[in-house]
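Student: Got a structure for you, written out below as C-alpha cells; questions coming shortly.
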Amino acid sequence: MTSILRLSTPSDAHRWSDERRRDGQSIGLVPTMGALHRGHATLIERSQALCDHTVVSIFVNPTQFDRSDDFDLYPRTLDVDIALCDSLGVNAVYAPTVDAMYPEGFETSVDPGSLAHRWEGEHRPGHFAGVATVVTKLLTAVQPHIAVFGEKDFQQLAVIQHVVRDLGLPVTVVGEPTVREDDGLAMSSRNIHLNPEARAQATSIKQAIDQALDRSTSTDSPNDIVEQVTNDIQRSGGTVDYVAVVDRLTLEPVTDLNSDTRLLVAAWFGGVRLIDNVALAATE
C-alpha cells in the first residue's frame, strides 16, 4: 500500500500547488509518460536536490504520437510507477486521464515553431505540437518552479525551453544528462520492445557516437562524422532515420565543430525506433 499522494485532475494539482506556494515552498516537476526506469529516477533525484517538493506526472499523451500503433504499444505500468515514486520519496504523482487533459471540445494547440520542423519533427509529423501542448498544460496545472527533462530527447528539451521562453512561463527548465545501460544503450521505455538480436545490434549507436567523439577532436568535418556514424549503424543492422551535427541552440546543421555542437541520431532496430545524442567538442 503506497502512501504517496495521487492527483488526478488539473484542479487537484492546482490546489496542491497553491498550498505549497503559499507556504513559500518550491516545487519541482518531472514530466513522464510512465514505464519509469533508472533514467527517470535521476530526474527525480535532481528535482529533489533543487526543490522542497517533487511531483512526477504520468500521462501517455495521445497527441504526440504520429502512429496509433505506437500509442497502443507504449508500455503502461501505472501501479508499478507509483510504487517506484513512493520508494524514491516523491511527494505527489499527477496522473490525469485523457478526458481530464483533453475534455470534450478541446481545440487549442501550441505551435512550437521552427525548432520542431527538422529531425524528429520531419519524421514524426505533429509530434512536437503534441509535446508542447501537453507540457504547457502540465506546467499550468502543477505550477512548478523547476521542471526537469532528460537530455536523451535533446530536441524535445530544446523545444520545451523555447516554448517556455516564448510564452513567458514562470518556470526554469533543467536538462539532465542521459543515463545509459551497462552496455551504453541510452535508457528508454521503448527498450523493452527490443528482441535479443536487435538489443545487441542497438549498442552500435553508442559505439558509433564514441567513434564520433574521437573524430571530433581530429580534423574531421561534420559531414565526415555524419557519414561515419551512419555507416557504423547500418553495418550493424540498423535503419537510419537521420544523423546530424547541429548547433545545440538552433538545431541547424553546422559546417564547423565548436563548443555548441551536438550530434543527433535516430535509427530503427528490430522495428523499434531509438534516439540518442552527444555534445561534440572541436579541436583545441
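The working numbering numbers the first residue of the sequence shown as -6 and each following residue consecutively.
A virtual CB, placed ideally from N, CA and C, is assigned to each residue, including glycine.
It should be emphasised that the depicted structure is a prediction, and the values quoted were computed from it without experimental measurement.
1. Any idea what DSSP makes of His155, helix, strand or coil?
2. Could you work out which residue in Trp9, Pro246, Pro68 is closest to Thr47 when comparing CA atoms only?
3. Could you tell me the distance, in whole angstroms, from the CA atom of Asp65 to the CA atom of Asn54?
4. On the three-state DSSP scale, how would you describe Leu206?
5. From Thr243 to Ser(-4), what distance separates their C-alpha atoms?
6. Measuring alpha carbon to alpha carbon, tell me which of Tyr95, Pro215, Val124 ends up nearest Leu150.
7. In angstroms with no decimal places, state the Cα-to-Cα distance between Lys199 and Leu(-2).
8. What's the gap between the Cα of Val167 and the Cα of Ser40?
9. For Ala140, which residues does DSSP report across the bridge?
10. Does the segment 15 to 27 come within contact of the segment 97 to 107, defined as at least 3 CB pairs closer than 8 Å?
11. Could you tell me how far apart the beta carbons of Pro24 and Val128 are, in whole angstroms, since I believe they sit closer than 8 Å?
12. Verify whether the separation of the beta carbon atoms of Val258 and Val236 is less than 7 Å.
Tutor: Well, looking at it:
1. As a first step, residue 155 must be located in the sequence shown, where it is residue number 162. Looking at His155 - three-state DSSP - the assignment turns out to be helix.
2. Here residue 47 corresponds to residue number 54 of the sequence shown, with the count starting at 1. For the residues Trp9, Pro246, Pro68, the minimum Cα distance to Thr47 belongs to Trp9.
3. Residue 65 sits at position 72 when you count from the first residue of the sequence shown. Residue 54 sits at position 61 when you count from the first residue of the sequence shown. When rounded, the separation of the alpha-carbon atoms in Asp65 and Asn54 is 11 Å.
4. Start at 1 with the first residue of the sequence shown, and residue 206 comes out as number 213. Secondary structure of Leu206 (DSSP, three-state): helix.
5. In the sequence shown, counting from the first residue as 1, residue 243 sits at position 250. In the sequence shown, counting from the first residue as 1, residue -4 sits at position 3. Roughly 43 Å between the two C-alpha positions.
6. The sequence position of residue 150 within the sequence shown is 157, counting from 1. The shortest Cα separation from Leu150 among Tyr95, Pro215, Val124 belongs to Val124.
7. As a position in the sequence shown, residue 199 is number 206, starting the count at 1. As a position in the sequence shown, residue -2 is number 5, starting the count at 1. Whole-angstrom Cα-Cα distance: 38 Å.
8. Position 174 of the sequence shown holds residue 167. Position 47 of the sequence shown holds residue 40. Near 9 Å, if we compare the C-alpha coordinates of Ser40 and Val167.
9. Working through the sequence shown from its first residue, we reach residue 140 at position 147. The partner list for Ala140 (beta bridge, DSSP) reads Leu22, Val166.
10. Taking 8 Å as the limit for Cβ pairs, the verdict is that the segment 97 to 107 does not touch the segment 15 to 27.
11. Counting from one through the sequence shown, the residue named residue 24 turns up at place 31. Counting from one through the sequence shown, the residue named residue 128 turns up at place 135. Rounded, the Cβ-Cβ distance is 6 Å, consistent with contact.
12. Indexing the sequence shown from 1 puts residue 258 at position 265. Indexing the sequence shown from 1 puts residue 236 at position 243. Yes.
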